[in-house]
Amino acid sequence: MMKTTTHISFCLLVLLIACNNNSSRQEKLPAPSSTLPEYTDTLTRAADTTGTSDEQNFLTTFTAFQAAVKTNSVHDITSFIHFPIQTGMQWTNADVQAGKVNKLATAVSSEAFTKYYHDIFHDAVRRIIPQATSDELHEIDKNINEDYYISLRQAVDKNSRMYEVYEQYPEPNGTADSFFGFIFGRVQGKYKVLAYYGKWPVKTQ
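As numbered in mature numbering (1 follows the signal peptide of the UniProt record, and there is no 0), residues -23 to -1, 1 to 182 make up the sequence shown, in order.
Now the structure itself:
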């Protein structure tokens, strides 16, 4: 009887040790992950960040540009211009094909800027631009197939976005509407005015 009891006790002891070892092994196993690792689309995120940064850069510049136009300071406004600034009326691809466009003749150099300053920053521009809202600002499609915009894009930084502010307003006599616009692009990291256009040319070709 003693041998039987001893044998049973020994078996129970072996079983208990085996259970403890199994429990220890289970505790050391890492818990299975319930979710897959997060996938990051770095190209998309980089593009989004660049776009956001470009937009913020432009809006900051445009706000400062509005303040300069309001004070009507030639010196301050000059710092926002990329020279030569294109002042020709917006031309079409058909105009180019017909030989009606002389881009050099309608560009204004930094030396000639004061001469044409009041033709570009006329009363309507000085009145309307300081009050312009974000609704009047538009990003130009980077794939636009118009020579006017393609020509301006040649001066900007690689991957720079271009923006346009377009304003329409009644002429003093009230019989017709007039308009003007400015094109902005990033040049060496800073947004500048690349072009001005209006209902009437600033320079004659």
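Every residue gets a Cβ at the ideal spot worked out from N, C-alpha and C, and that includes glycine.
CB-CB under 8 Å to VAL133, same chain, minus the five flanking residues each way: which ones, in chain order? By one-based count along the sequence shown, residue 133 stands at place 156. MET139, GLY162, ARG163, VAL164, LEU171.
Between the alpha carbons of PRO107 and LYS47, how many angstroms are there, rounded? The residue given as residue 107 occupies position 130 in the sequence shown. The residue given as residue 47 occupies position 70 in the sequence shown. Looking at the two C-alpha atoms, the distance is approximately 6 Å.
Bridge partners for PRO147 per DSSP, in chain order? Start at 1 with the first residue of the sequence shown, and residue 147 comes out as number 170. Looking at the DSSP output, PRO147 sits in a beta bridge with ASP154.
Environment of GLY76 [buried if 16+ CB atoms lie within 10 Å]: Taking the first residue of the sequence shown as 1, we reach residue 76 at position 99. Exposed, since its Cβ has fewer than 16 Cβ neighbours within 10 Å.
List the whole-angstrom C-beta distance separating TYR143 from GLY158, where the pair is believed to meet the contact cut-off of C-beta under 8 Å. Your numbering for residue 143 matches position 166 in the sequence shown. Your numbering for residue 158 matches position 181 in the sequence shown. Taking 8 Å as the upper bound for CB-CB distance, TYR143 and GLY158 are in contact here, some 4 Å apart.
Chain-order list of residues whose beta-carbon lies under 8 Å from that of LEU129 (same chain, five-residue window excluded): Indexing the sequence shown from 1 puts residue 129 at position 152. GLN63, MET139, ILE160, GLY162, LEU171, ALA172, listed in sequence order.
Sequence ranges, beta strand (DSSP E) only - wholly within the stretch 23 to 90, length at least 3: Every unbroken stretch of the beta strand (DSSP E) spanning 3 or more residues and falling wholly within the stretch 23 to 90 is given here in chain order: 58 to 63.
DSSP on GLU113, reduced to helix/strand/coil? Position 136 of the sequence shown, counting from 1, holds the residue named residue 113. Correct three-state label for GLU113: helix.
Residue nearest to ASP100 in terms of C-alpha spacing, selected from TYR168, ASN49, THR29: Here residue 100 is taken as the residue at index 123 of the sequence shown, counted from 1. Looking at the Cα atoms, ASN49 is the closest of the given residues.
Cβ neighbours of ASP25 in the same chain (closer than 8 Å, five flanking residues each side left out): The residue you call residue 25 lines up with position 48 of the sequence shown. Unreliable placement is indicated for ASP25, whose pLDDT of 41 sits below 50; the coordinate value is still reported in the next sentence. Around ASP25, the same chain offers no residue with a beta carbon nearer than 8 Å, after the five sequence neighbours per side are excluded.
Taking just the CA atoms, how far does HIS59 sit from ASP124? Locating residue 124 in the sequence shown gives position 147, counting from the first residue. Locating residue 59 in the sequence shown gives position 82, counting from the first residue. Their Cα atoms are separated by approximately 19 Å.
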